[in-house]
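So the structure is just underneath, and the comments pick up after that.
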Amino acid sequence: MAIEEESSLDLTPTFGLNALAALATVLGGCVIFSNKLLQLASPMFMAVLLSISAGITLFQALVVLFANAYKEFNDAFTLNESEHDSSEDDDAQGNAWLAATGCFGGGILISYIIDFIVQKLTPGQNMNGTARMQPERMSFEEGTYEVKPPVELVQNQGSDVFIKMDEAAKEKLQRMGILSAIAVGVHNIPEGIATFVASSEHAWIGLSLAIGVALHNIAEGIAVATPIYFATGSICRGLLWCFLSAVAQHIGGLIAFVSLGMDADNETQGVLYGLCAGMLCGICMKEIVPTAYMYANGRMHLVSAGTLGGMFLMSSGLIFFKYIGV
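If you count by the UniProt record's numbering, then the sequence shown holds residues 1 to 326, one letter each, in order.
Here it is as C-alpha cells:
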C-alpha cells in the first residue's frame, strides 16, 4: 500500500484533485456569463452529462474502490495469522469479502441518511439531492408528456435573451436555487471523502474518480446558478452559492484525512474504501441516473448509452494508466 510504503500521505494530489472536482461546480455556474452557454445547457445536454458521470462513478466504485476494500481487508486478515494453512486462507478471503460487502452496504445506508438530512434541511421540496435539478414543469398531451427546462429563455428580436417574471416568481426561483445549493453541498461531502480516499492510494485512481465527480458537479453548478441568476440578476450571487456548495466537498476531504491519518492500517483503509464505494453507488443509482432519465424526456437509450459510454471511458483510462506504469 502506498501509505504504508511511504509512511506519510502526500497531500498535494489528494487535496488538489478534490479541489479541482469541487471547482467544477463553479465552472458549471459560469454558464450565466453567456446567453449562448445558457442556451447550450439544454435538458438533453444535462442528460448526457449526468449519464456519463454516472457510468464513470459506478465503474470506479464497483471495480476499483470495492476491489481495494477487499484487498485491504484480505491483507489485514492474512497478516493477523502468523501461521496458516489453506483452510485459514479461505477463511481470511471469506472474511474479507464479508467485511468489504458489509462496508459497501453501510455506504449505501449512509447515502440514504444523507438524503433524509437533505429533505429535513430543504422542506417543502418534492425532489431530493441532485434530483432537485430536474425540470419543474410538464405539459401533458394525449397521454404523453414533454419536459421543459426549469428556466425558459425567450429570444428577443435583437440578440439578447431575457426572462420575464413577477416578484413572487423571482422569490420562488431564488429559493429553489438556494435549496439546490444546500442539497448539492450536503451530497458533495461523501464525494469529497471518496475522492480523497481514492487519491490517497494512487493519484491515477483519484484522477479518474475526480473526472466523474467533476462532470456531475458541472451539472449541479448549472442547476444552482441559473435560477439564482434569473431571480436576482446578479452573476456574483449565483457563483457565490456555487462556491459555497463546492466548499462542502473539501469538508468531506478533511473528514477523510482525519479518519485516514498519516499512517492508516489495512482495516481503516478497507472500511473507507468500502464505505466510499457504497456511498457513490447509492448516490448514482438513487440520484444521478433518475435525474438523467428525467432530463432525457423518456429516452432511456440516451441514458443507458451515456452510462455505458462513461464506463467504457473509465475502463479505457485505467488500461492506459496501467500500460504507462502510473
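Every residue gets a Cβ at the ideal spot worked out from N, C-alpha and C, and that includes glycine.
Separation of residue j from residue i, as counted between CA atoms
i	j	result
Leu20	Ile319	23 Å
Gly212	Val186	18 Å
Cys30	Ala305	27 Å
Gly129	Lys71	Its pLDDT being 40, under 50, Gly129 is placed unreliably in this model, and the coordinates cannot settle the point.
Glu191	Gly252	7 Å
Ala203	Pro13	6 Å
Glu287	Ser51	11 Å
Asp90	Ala99	14 Å
Ala69	Lys172	44 Å
Gln269	Phe104	13 Å
Leu109	Met279	8 Å
Ser180	Ser245	9 Å
Tyr229	Asn35	12 Å
Phe73	Glu267	6 Å
Arg237	Phe33	12 Å
residue 327	Leu40	Because the chain in this structure spans residues 1 to 326, residue 327 falls outside the shown range and cannot be described.
Asp75	Phe59	23 Å
Met300	Val289	10 Å
Leu37	Leu23	18 Å
Met44	Gln93	45 Å
Ile255	Ala248	11 Å
Ile114	Ser199	23 Å
Met176	Phe77	49 Å
Ser42	Tyr295	9 Å
Tyr323	Ser315	12 Å
residue 413	Glu201	Residue 413 is absent from the structure shown; the chain starts at 1 and stops at 326.
Ser259	Leu121	26 Å
Thr226	Phe321	37 Å
Val161	Ala277	Reliability fails at Val161, whose pLDDT of 46 lies under 50, so the model's placement of it is uncertain and the value that follows must be treated cautiously. Roughly 43 Å separates the two Cα atoms.
Leu302	Gly317	22 Å
Phe15	Leu239	22 Å
Candidates the options: closest to residue i by CA position
i	options	result
Ser111	Ile189, Leu313 and Ala96	Ile189
Phe257	Ala67, Ala194, Gly28 and Thr101	Ala194
Ile56	Gln119, Gly94 and Ala214	Ala214
Val48	Thr101, Met314 and Gly310	Gly310
residue 412	Ser259, Leu272 and Val26	Since the first residue of the chain shown is 1 and the last is 326, residue 412 is not available in this structure.
Phe116	Leu240, Lys172, Ala183 and Gln174	Ala183
Leu275	Ile222, Phe196 and Met294	Phe196
Ile285	Asn35, Ala61 and Leu23	Rather than Ile, the amino acid found at residue 285 in this sequence is Met. Ranking Asn35, Ala61 and Leu23 by Cα distance to Met285 puts Ala61 first.
Thr291	His216, Phe230, Leu17 and Leu239	His216
Ala67	Ser53, Leu37 and Ala96	Ala96
Leu79	Leu239, Asp265 and Trp241	Asp265
Val241	Phe312, Ala223 and Gly298	According to the sequence shown, residue 241 is Trp rather than Val. The candidate whose alpha carbon is nearest that of Trp241 is Ala223.
Val118	Ala92, Ile178 and Cys281	Ile178
Phe243	Thr25, Ser42 and Phe15	Thr25
Thr307	Leu11, Ile324 and Cys281	Cys281
Asn297	Met46, Lys120 and Thr226	Met46
Ala54	Tyr323, Ser316, Lys322 and Tyr293	Tyr293
Leu11	Thr101, Leu239, Ala225 and His250	His250
Assumed close pair residue i, residue j - CB separation to whole angstroms, cut-off 8 Å
i	j	result
Thr205	Val64	It should be pointed out that residue 205 corresponds to Ile in this sequence rather than to Thr. 6 Å between Cβ atoms; contact.
Gln174	Ala219	Not confirmed; about 20 Å, so no contact.
Gly221	Gly28	3 Å
Leu17	Leu207	6 Å
Cβ-heavy atom distance, residue i to the ligand MN, below 7 Å
i	result
Gly29	Only the bare structure without any ligand can be found here, which leaves the ligand MN out of the picture.
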